[in-house]
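Enquirer: Those protein sequence lines, which keep their order, are chains A and B.
Residues in the first sequence are numbered consecutively from 0, following numbering that gives the first Met the number 0.
Residues in the second sequence are numbered consecutively from 0, following numbering that gives the first Met the number 0.
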Amino acid sequence: MWQSSDTSLDIMLEPGGDLEDLRCGVRDWCAAHVPVDWRDRQRGVSHERLVEFMRWWGGCLREAGLLAPHWPREWGGGFTIREQIVIAEELARGDAPRNGLYHVGIFNVAPTLVHSATAEQRARFLPGIWNGEVWCQGYSEPNAGSDLASLQTRAERDGEHYVVNGQKVWTSWAKEADWCMLLARTDVSAPKHKGISCLIVDMRTPGIEVRPIKQAWGPADFNEVFFDDVVVPTEGLIGAENNGWAVAQGTLAAERAVAIIDMTERLRCNGIEAAAAEAVAWRLENGQPALDDDVVRETLAERYAEVRVLRHMLDGMIDDILRGADVGGTSSIIKVFYTELLYKLTKYVTDLQGVAGQLDAPVLACAGWETAFWMNDYIHSFGWIIGGGTNDIQRNVIGDRMLGLPR
Amino acid sequence: MALTLEERGELRSAARSLLGRDSSTERVRAAIARTAGFDRALWDQMVELGWTTIHVPGVRGGSGCGYADLGVVLHELGRNITPSPFLASAVLATGALLLADNDRVAAPALAAVTAGEALGAVALASTGGSYDRACLTTSWEGTAVSMRLQGSSGFVLDADVATVLVVAARARDGTVAVLAVEAADPRVRIERVATVDETRRLFTVSFDDVVVGGDALLCEPGAPAEELFERVLAIGVIATACDAAGVAERMLESAAEYAKVRTQFGKPIGSFQAVKHRCADITIAVEAARAATRAATETLDGDLAEWSTTAAVTSSYVGPACAEACAQGLLVHGGIGFTWEHDSHLYLKRAKLDEVLFGTPSWHRRRLADAVFPGRAAS
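#1: Residues bridged to A:Trp178 by DSSP?
#2: Three-state secondary structure (DSSP) at A:Ala364?
#3: Quick one: which chain B residues come within Cβ less than 9 Å of A:Ile332?
#4: Just to confirm my understanding: we take B:Asp242, look at its own chain, exclude 5 residues before and 5 after, and list those with CB closer than 8 Å. What are they?
#5: Any beta-carbon of chain B closer than 9 Å to the one on A:Gln352?
#6: With a threshold of 9 Å between beta-carbons, can A:Ile409 be considered close to chain B, or not?
#7: Over the uninterrupted alpha helix (DSSP H) stretch that includes A:Pro126, give me the two end residues.
#8: Identify whether A:Gln2 lies in helix, strand or coil by the three-state DSSP scheme.
#9: Is the beta carbon of A:Asn107 sitting closer than 9 Å to the one on A:Gln83?
#10: Cβ atoms of B:Arg364 and B:Gly311: under 9 Å apart, would you say?
#11: Below 7 Å on C-beta distance, what does A:Met401 contact in chain B?
#12: By Cβ distance, which residues of its chain are closer than 6 Å to A:Leu344, with the 5 residues on each side in sequence left out?
#13: Determine, using beta-carbon pairs with one atom in the segment 177 to 194 of chain A and one in the segment 355 to 369 of chain A, whether at least three such pairs fall under 8 Å.
#14: Hey, how far is the Cα of B:Gly65 from the Cα of A:Val246?
#15: Using a Cβ-Cβ cut-off of 7 Å (strictly less than) and excluding sequence neighbours within five positions of A:Leu182, which residues of its own chain qualify?
#16: Give me the subset of the segment 295 to 309 of chain A whose CB atoms are less than 7 Å from a CB atom of chain B, sorted by chain position.
#17: Please tell me whether B:Gln272 has its Cβ less than 9 Å away from any Cβ of chain A.
#18: Curious, which full-length beta strand (DSSP E) runs of at least 3 residues does the segment 115 to 201 of chain B contain?
#19: Can you tell me the Cβ-Cβ gap for B:Ile80 and B:Tyr346, rounded? I've got them flagged as a contact below 8 Å.
#20: For chain A, check one thing: does any of its Cβ atoms lie closer than 9 Å to the Cβ of B:Gly358?
#21: Shortest alpha-carbon distance to A:Gly104 belongs to which of A:Ala91, A:Trp129 and A:Thr117?
#22: Could you check the C-alpha separation between B:Arg383 and B:Val71 for me, to the nearest Å?
#23: If you draw a straight line from the C-alpha of A:Ala274 to the C-alpha of A:Trp373, how long is it?
#24: Within the same chain, show all residues whose beta-carbon is closer than 6 Å to that of A:Ser115, passing over the 5 residues directly before and after it, in chain order.
#25: If you check the beta carbons only, do A:Pro211 and A:Phe221 fall under 9 Å apart?
#26: Please report whether the beta-carbon of A:Leu251 lies at a distance below 9 Å from any beta-carbon of chain B.
#27: Which full runs of the alpha helix (DSSP H) of 4+ residues lie inside the segment 65 to 121 of chain A, going along the chain?
#28: Classify A:Arg210 as helix, strand or coil using the three-state DSSP reduction.
#29: Taking C-beta pairs closer than 9 Å, name the residues in chain B that A:Ala275 reaches, listed in chain order.
#30: Determine, for B:Ser129, whether the minimum Cβ-Cβ distance to residues of chain D falls below 9 Å.
#31: With burial defined as no fewer than 16 other Cβ atoms inside 10 Å of the residue's Cβ, what is the status of A:Ile260: buried or exposed?
#32: Check the DSSP bridge columns for B:Ser205 and list the partner residues they point to.
#33: Would a C-beta distance cut-off of 9 Å place B:Val155 and B:Thr203 closer than the cut-off?
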């Protein structure tokens, strides 16, 4: 079983204080609670053990008040953007496990609920997320990937219920999920963006079947989800009927940028700095330590500089959001920049390791994209390039929305 | 104090409107054909508008804003590929004089340069273009009372119009000194080296037994001089990065505009994903370069200890990214982009020079690695 390194430091971190005090507080908390051997112990564990670990870790964050710093105060958050940045930086530097199991609920569903749901819905679902309910997001379909708005899953109104039929795919954590935020077509005659509704579906409803999909890098947190005459009460409708596309787009919140700051800091600490530290021990064909080689040093430094530049872009975007300026396609730029940087780094280190880098090893699934099993991290990086709107689509968005190029 | 965001926006619009008119590419092409290589009337206006003192503290007769605000002007000069001694004089020479410990020589020179009465230039590179202090090709010898300079410095911006030259030299025992030398000294020889980018003018400055007094030293030789050298180098790297970001931004606008109006196969070429994605990649580079240069100029206004690392990060990313953005932008223009008449090559050539003017990205990356990664096992 999992246990914190030092349970004597059971503190609840609060917003509104001095930033440096908060930084020290999170740092001390990490030192006391992040198990020093968690990476070694989590490598190669079963899916069930992984889920168990993430539930335990989510509980630790909840007790410390760090589970959802960006939420409104009344629901357990209340940290300012500057405070959220400090927390993200320190969790990354403290090598805290990533909170993947709860990510959809905390970062995607909750902001949508805060923005578009009724007071009753918020009161019903936000405490649940806080207390450990798992959510999944029923968006992509086999024939609606990049062209998400062409989705075909139907939700037909039948009195006080919708009856849902269709299939979703690439649904993270559907097997563990208590709830699903589902996009389904409620008006087949309307233009494709205008006939979609956003529904909250209880994953225990009869008629739902979840089949895990094993991914190219090994784990199976992805799933296909089949809906066969699934009855969903109309209270589960978020926002107006047929307005689901707008609800799902939501607003690009600063919190999402903070979530990428977390990943950027991890890329620096667990990616590049770790690669440089490891490269001290790696040998090139001539027996020379890899980090003694000018080209290796240069290339890793180039990636290091890109991480710094990415951070500057994020800081700039957050400043713009706080000023109320339109950040438009900046999030697409950041998505492309981050994911392709991750790809370049993991590919380079894999190449550097030569055939030794091709040896199989146990996979670490809750550390993000930098686990020091570089070949696997490289394969994993494709998931980010493809997911969340492929980089090809992001480049269309940049061309269309930022430059006004013709479609 | 730094300008507010609103004031910075006003500075940007004022610069854009002045340079849009007086540094249009027609004017740029005319200016580079002149002997002086720049438009004196435009320079006078820039001085009048206070651009040369933006980063000079109030007590030294400046407006006391800072490098973050100066960066706005540099970005706009890049957008308009303006030929101007601004970088050499207002940024580098002024920057060096501001950092000098020796007020006896620095203060009068600084006053003349910031007032626009005199121009300055900075000679830090070797004749091979290296900014490694061990490679300096100008040497000094002598005492604190009288020193002799021998050798040459390479790739000095706008040396022929300068009155005061800030020169780095190395003694036989390796001790570095940074001195102020009068360009009019008959033993100083200034020769133009033609560069592919005609909007910038570079010179080899040779010292044929030039004798200067000890008061020409901007600071103590040795560690203080090395620190001054590094700081001025950092200013140069970051200033050219601001310029490059402006150049690339202008190229992006030109490429996007062309992609909208040029039709082939009955459609604007910007509707083809191959072209659209090329434009998107330029956008990513420009956005990243803007963020990086903004942050870097803020560092110049802040923590001195961070200058060198920040300069290395900036050179590592911004120079290559902006040069490549200009290359890709030229390609979006197709055949017309490959003509002398079209401006694309002017942007590309300026961005390529910016990329390496203060040290290659590769050299800066190695320095960055030394600063942030573990050292070599062998050493």
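A virtual CB, placed ideally from N, CA and C, is assigned to each residue, including glycine.
Expert: On the basis of the data shown:
#1: A:Trp134 and A:Asp201
#2: coil
#3: Ala279, Thr282, Ile283, Glu286 and Ala287
#4: Leu73, His74, Leu76, Gly77, Leu86, Arg349 and Asp353
#5: no
#6: Nothing about residue 409 of chain A can be reported from this structure: the residues present for chain A run from 0 to 406 only.
#7: Ala118 to Trp129
#8: coil
#9: no
#10: Gly is not the amino acid found at residue 311 of chain B; the sequence shown has Ala there. Yes. Within cutoff.
#11: Thr282
#12: Gly270 and Arg302
#13: no
#14: 44 Å
#15: Gly137, Tyr138, Leu150, Ile195, Cys197, Gly243 and Ala247
#16: Arg296, Glu297, Leu299, Ala300, Glu301, Tyr303, Ala304, Glu305, Arg307 and Val308
#17: yes
#18: 119 to 122, 137 to 141, 145 to 156, 163 to 169, 175 to 181 and 187 to 192
#19: 6 Å
#20: no
#21: A:Trp129
#22: Past the edges of chain B, shown from 0 to 378, lies residue 383 of chain B, and the structure says nothing about it.
#23: 9 Å
#24: Ile237, Gly238 and Val246
#25: yes
#26: A caution first: A:Leu251 carries a pLDDT of 49, below 50, which makes its placement in the model unreliable, though a value can still be read off. Cβ-Cβ to chain B under 9 Å: no for A:Leu251.
#27: 80 to 92, 99 to 102 and 109 to 115
#28: strand
#29: Ala368, Val371, Phe372 and Pro373
#30: The question asks about chain D, but that chain is absent: this structure's protein chains are A and B.
#31: buried
#32: B:Ser151 and B:Arg188
#33: yes
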